[in-house]
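Q: For the sequence shown, my numbering assigns the number 307 to the initial residue and increments by one for each residue that follows.
Below are the C-alpha cells for one structure; questions will follow.
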Amino acid sequence: MNPAHKLRIYSLQAIFAVYIYILFKIILFKFGSINFGFLWQQLQHSSENIAASAQRGNFIPLVTLLNTFDHPTTHTLVNFTGNIALFIPFGMFLVILYPQGTGGGSFSGVLIRSLGLSAMLECAQAVLYIGTFDVDDLILNTFGGLLGYMLLRPFVRAYSSRKGSSVTKK
Numbered sequence: 307m308n309p310a311h312k313l314r315i316y317s318l319q320a321i322f323a324v325y326i327y328i329l330f331k332i333i334l335f336k337f338g339s340i341n342f343g344f345l346w347q348q349l350q351h352s353s354e355n356i357a358a359s360a361q362r363g364n365f366i367p368l369v370t371l372l373n374t375f376d377h378p379t380t381h382t383l384v385n386f387t388g389n390i391a392l393f394i395p396f397g398m399f400l401v402i403l404y405p406q407g408t409g410g411g412s413f414s415g416v417l418i419r420s421l422g423l424s425a426m427l428e429c430a431q432a433v434l435y436i437g438t439f440d441v442d443d444l445i446l447n448t449f450g451g452l453l454g455y456m457l458l459r460p461f462v463r464a465y466s467s468r469k470g471s472s473v474t475k476k
C-alpha cells in the first residue's frame, strides 16, 4: 500500500472518530460538556434511573412519529429530522471504510451497525438518565444510516469500477 493511500485511510478513520465523538456529544450530552463525574454519579443510581426511564420512555413503535405528524411543533420536527440527519454520515462512513466484500459496508451491515449504535445510545440515555429511550429514535437513526448508504453507494461503486478497487482498499 502506497503512503498516500495509507494517509487517506488514516485520515478517514480520524474523521470518523471525530464524527462518533460529536454524535455522542449531541445525543448523550445535548451539546453540553462531557462530565465524567456526573456520568459516574448517574451510573451509581442506575437501578433507580432505569425504573424512572421505563416509565417515561416510548417502547411502542411509531407513537412518537405519528404524534410528530399529527401535532407538529418546532421541537418535534427538529427531533425527527435530527435523528435521521445525525446518522446519515454513519452510513456513508461505513460504505467508505469497509471494502467491498467485507460486509460492513453492505446494506445489511449498515442496517445492523446503525441499529446497534442507536440502541446503545438509547440504552445509555435510559441507564444514565440523561435522556429518554424512544424506540422511534431507533427507527429514525437506522433509517438515517441506510439513507447515507443509499446516497453514497452508487458513487463508491462507480469509483470502484473505474479504479478497479474500493475507496479504501488497494
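Where a beta carbon is used, it is the ideal one built from N, C-alpha and C, also for glycine.
Check whether the stretch 365 to 383 touches the stretch 426 to 438, taking contact to mean three or more Cβ pairs, one atom from each stretch, closer than 8 Å.
A: For the pair of segments examined, the stretch 365 to 383 was found not to touch the stretch 426 to 438: the number of CB pairs separated by less than 8 Å stays below three.
Q: For residue 364, which beta-bridge partners are listed by DSSP?
A: 440
Q: Using CA atoms only, rank isn't needed, just tell me which of 393, 464, 440, 432 is closest to residue 418.
A: Minimum Cα-Cα distance from residue 418 among the listed residues 393, 464, 440, 432 corresponds to 393.
Q: Just confirm the distance between the C-beta atoms of residue 398 and residue 454, as a whole number of angstroms; I'd bet it's less than 8 Å.
A: 4 Å
Q: Could you name each continuous alpha helix (DSSP H) segment of 4 residues or more that falls completely within the stretch 386 to 464, going from the start of the chain to the end?
A: Within the stretch 386 to 464, the alpha helix (DSSP H) runs of at least 4 residues that lie entirely inside it are, in chain order, 394 to 403, 413 to 434.
Q: Buried or exposed: which applies to residue 420, given that a residue is buried once 16 or more other Cβ atoms fall within 10 Å of its Cβ?
A: buried
Q: Among the residues of its own chain, which have a CB less than 8 Å from the CB of residue 349, if the five just before and after it don't count?
A: 433, 434
Q: Pick helix, strand or coil for residue 378, following the three-state DSSP scheme.
A: Per DSSP, reduced to three states, the secondary structure at residue 378 is coil, with no helix or strand assignment.
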